[in-house]
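So the protein lines, in turn, are chains A, B, C and D. Count along the first sequence starting at 1, add 193, and that's the number in this note's numbering. Count along the second sequence starting at 1, add 193, and that's the number in this note's numbering. Count along the third sequence starting at 1, add 193, and that's the number in this note's numbering. Count along the fourth sequence starting at 1, add 193, and that's the number in this note's numbering. All C-beta atoms, glycine included, are put in the ideal place defined by N, C-alpha and C.
4 protein chains.
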Amino acid sequence: MSAVKLEDARRVIGAAEKKAKEIGQPMNIAVADEGGNIVAHVRMDNAWIGSIDISMKKAYTSRAFDIETKDLATHSQSGGQFFGIHASNDGKIMIFAGGIPLKRDGKVVGAIGVSGGSGDQDHAVAMAGAAAY
Amino acid sequence: MSAVKLEDARRVIGAAEKKAKEIGQPMNIAVADEGGNIVAHVRMDNAWIGSIDISMKKAYTSRAFDIETKDLATHSQSGGQFFGIHASNDGKIMIFAGGIPLKRDGKVVGAIGVSGGSGDQDHAVAMAGAAAY
Amino acid sequence: MSAVKLEDARRVIGAAEKKAKEIGQPMNIAVADEGGNIVAHVRMDNAWIGSIDISMKKAYTSRAFDIETKDLATHSQSGGQFFGIHASNDGKIMIFAGGIPLKRDGKVVGAIGVSGGSGDQDHAVAMAGAAAY
Amino acid sequence: MSAVKLEDARRVIGAAEKKAKEIGQPMNIAVADEGGNIVAHVRMDNAWIGSIDISMKKAYTSRAFDIETKDLATHSQSGGQFFGIHASNDGKIMIFAGGIPLKRDGKVVGAIGVSGGSGDQDHAVAMAGAAAY
Numbered sequence: 194m195s196a197v198k199l200e201d202a203r204r205v206i207g208a209a210e211k212k213a214k215e216i217g218q219p220m221n222i223a224v225a226d227e228g229g230n231i232v233a234h235v236r237m238d239n240a241w242i243g244s245i246d247i248s249m250k251k252a253y254t255s256r257a258f259d260i261e262t263k264d265l266a267t268h269s270q271s272g273g274q275f276f277g278i279h280a281s282n283d284g285k286i287m288i289f290a291g292g293i294p295l296k297r298d299g300k301v302v303g304a305i306g307v308s309g310g311s312g313d314q315d316h317a318v319a320m321a322g323a324a325a326y
Numbered sequence: 194m195s196a197v198k199l200e201d202a203r204r205v206i207g208a209a210e211k212k213a214k215e216i217g218q219p220m221n222i223a224v225a226d227e228g229g230n231i232v233a234h235v236r237m238d239n240a241w242i243g244s245i246d247i248s249m250k251k252a253y254t255s256r257a258f259d260i261e262t263k264d265l266a267t268h269s270q271s272g273g274q275f276f277g278i279h280a281s282n283d284g285k286i287m288i289f290a291g292g293i294p295l296k297r298d299g300k301v302v303g304a305i306g307v308s309g310g311s312g313d314q315d316h317a318v319a320m321a322g323a324a325a326y
Numbered sequence: 194m195s196a197v198k199l200e201d202a203r204r205v206i207g208a209a210e211k212k213a214k215e216i217g218q219p220m221n222i223a224v225a226d227e228g229g230n231i232v233a234h235v236r237m238d239n240a241w242i243g244s245i246d247i248s249m250k251k252a253y254t255s256r257a258f259d260i261e262t263k264d265l266a267t268h269s270q271s272g273g274q275f276f277g278i279h280a281s282n283d284g285k286i287m288i289f290a291g292g293i294p295l296k297r298d299g300k301v302v303g304a305i306g307v308s309g310g311s312g313d314q315d316h317a318v319a320m321a322g323a324a325a326y
Numbered sequence: 194m195s196a197v198k199l200e201d202a203r204r205v206i207g208a209a210e211k212k213a214k215e216i217g218q219p220m221n222i223a224v225a226d227e228g229g230n231i232v233a234h235v236r237m238d239n240a241w242i243g244s245i246d247i248s249m250k251k252a253y254t255s256r257a258f259d260i261e262t263k264d265l266a267t268h269s270q271s272g273g274q275f276f277g278i279h280a281s282n283d284g285k286i287m288i289f290a291g292g293i294p295l296k297r298d299g300k301v302v303g304a305i306g307v308s309g310g311s312g313d314q315d316h317a318v319a320m321a322g323a324a325a326y
């Protein structure tokens, strides 16, 4: 059974939202469970509609490879060992910052995905969310 | 600008969740805004993972045609005037009960989509959510 | 953590294969875990290549809705309460016999999907596999 | 008729699994036949779920172009003669290491695809599998 319950997802999203407000950038925030399936998603008022999909896919990607999408990005540029990975998984792989695994006892059991600002902003908000898990 | 803010979506989802608990069937619940874009989604613990996608698409469909998906269903069966509509919109059209428009002053400004039980259960939970808007 | 390990999937597939040989119909057999993700798949010699995809999707579908796809079929025909569900989940929903949930202590923790013969044959082979879990 | 039978695929997968255990990295391993169609797939316990799809597509790609995906990669980076090839074949082309053709009498009759670690690890495990054919 998934260790990421709706209650957990809401706590993670709440912490991420708080951070997004602090930096003044509205975000889409999604949480996925161990199987990579979405548990919850919110779009803050005025956040980009194009980022709904991206936030969910960042959460999926981060769990799918047990990695921060920020780090996956470094291996997925032209010339990198994973270049082309964004064409896999039927378009569900996002290779830029904003996805961070959720861990319990050192094991990845889900992930948060954030989209709506710059790569640094997305990552910072995702970090705040992950820290609340 | 969309009249369905995140605060509204949460209130709608909260009312739907309450109803789902009353009938003892865990649900996926999604809310879309005027543009048909998702504002928020939750998967209650133990709700079907196949219903994540369906709840979001029921919300989209209900706003896309300003109709309850339960009613759209009656026109979309084999032999009906809209048979085949489920193949449109890149697969985003759901033609069975669980999607209900959210209205303000008689105008559709968004929709709720519910999936996780029988057609009757999904519709009842969506009704409870819509009533809270 | 998923309760369906590779060792379990192989035992389930082995039992299904044995049944397929008994009835003389080569099959594609797939096993999915709690998250709906494939654990293992085999295509028996001379089994239909069009059934590779179907077997995997039957396993996904059965776990996605915690139901035998044979039963989902009865609700998904034109006029039924779930007609149109095959258009959801990006084409991953199969609504004919051959997918059966794998349960532990009454809880669905995965599924087997079989494709390669008639609906009755697929279901019988899937039953044999599920019984070995 | 395909020269890669299920028995062959299992032997190839077994050898690859053994290598994966030696290097301590759980992998997804897939084998495709002469037609590029999957014969068998396994996901070792704790291997990435995002690599299920990739392992199958590396096997397809390697047979589709009778080439190691590691070599295809060198021609498919930005500026290379095949840049953009990953957008062909409905997203089934993987252009990074881990796919290796299976040959009989100098002729490509199938392929193995491995995903779950670094490019070097994937390639090494695929080599071990191919050697068992």
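Extent of the continuous alpha helix (DSSP H) run through residue i
i               : result
K352 of chain B : The structure shown does not extend to residue 352 of chain B, since chain B spans only 194 to 326, so no value can be given for it.
Cβ shell of residue i (< 7 Å), same chain only, five flanking positions each side left out
i               : result
F289 of chain A : T262, A266, G312
R297 of chain C : A196
G352 of chain D : As shown, chain D starts at 194 and ends at 326. That puts residue 352 of chain D outside it, with no answer to give.
H316 of chain B : K263, A290, G291
F276 of chain C : S269, Q270
Q314 of chain A : I216, Q218
W249 of chain B : The question names Trp, but residue 249 of chain B is Met in the sequence shown. Excluding positions up to five away in sequence, the list reads A223, I231, H234, G306.
K332 of chain A : Nothing about residue 332 of chain A can be read from this structure; chain A reaches only from 194 to 326.
Reduced DSSP secondary structure (H/G/I, E/B, other) of residue i
i               : result
I260 of chain B : coil
V197 of chain D : coil
G299 of chain C : coil
A290 of chain A : coil
G213 of chain B : The question names Gly, but residue 213 of chain B in the sequence shown is Ala. Here A213 of chain B sits in helix by DSSP.
S269 of chain A : coil
V307 of chain D : strand
A240 of chain A : coil
G207 of chain D : helix
Whole-angstrom C-beta distance between residue j and residue i, which should lie under 8 Å
i               : j               : result
V197 of chain A : D226 of chain A : 4 Å
V235 of chain D : I222 of chain D : 5 Å
K212 of chain C : V318 of chain C : 5 Å
I245 of chain D : N230 of chain C : 6 Å
G228 of chain C : G228 of chain A : 2 Å
A324 of chain D : A208 of chain D : 7 Å
S308 of chain A : I247 of chain A : 4 Å
G284 of chain C : V224 of chain C : Not really, about 20 Å apart at Cβ, beyond 8 Å.
Neighbourhood of residue i by C-beta distance below 6 Å, restricted to the same chain and skipping five residues each side
i               : result
I192 of chain D : This structure does not reach residue 192 of chain D, given that chain D is present from 194 up to 326, and the question cannot be answered.
Y326 of chain D : V205, L295
E301 of chain A : It should be pointed out that residue 301 of chain A corresponds to Val in this sequence rather than to Glu. Result list for V301 of chain A: D259, P294, in chain order.
A321 of chain A : A208, A209, K212
G299 of chain C : none
N-terminal and C-terminal residue of the beta strand (DSSP E) that residue i is part of
i               : result
A317 of chain B : That residue, A317 of chain B, is in no beta strand (DSSP E); its alpha helix (DSSP H) goes 312–324.
N282 of chain A : N282 of chain A -> no beta strand (DSSP E), and no H or E assigned at all.
A225 of chain D : 221–225
A233 of chain A : 231–236
Cutoff 8 Å; reference residue i; Cβ partners in own chain excluding five residues on either side
i               : result
L199 of chain C : V232, A233
M194 of chain C : Because the pLDDT of M194 of chain C is 44, which lies under 50, any placement of that residue in the model is unreliable, and the number read from its coordinates should be weighed accordingly. Excluding positions up to five away in sequence, the list is empty.
Any non-hydrogen atom of the ligand FMN closer than 8 Å to residue i Cβ
i               : result
S271 of chain B : The ligand FMN is absent from the structure shown, which contains no ligand whatsoever.
Legend entry - Cβ pair count under 8 Å reaching 3, the region 271–291 of chain B against the region 234–241 of chain B: no
Inset, instruction - Taking 8 Å as the threshold, find out whether the region 253–261 of chain D comes into contact with the region 286–303 of chain D through three or more Cβ pairs. - result: yes
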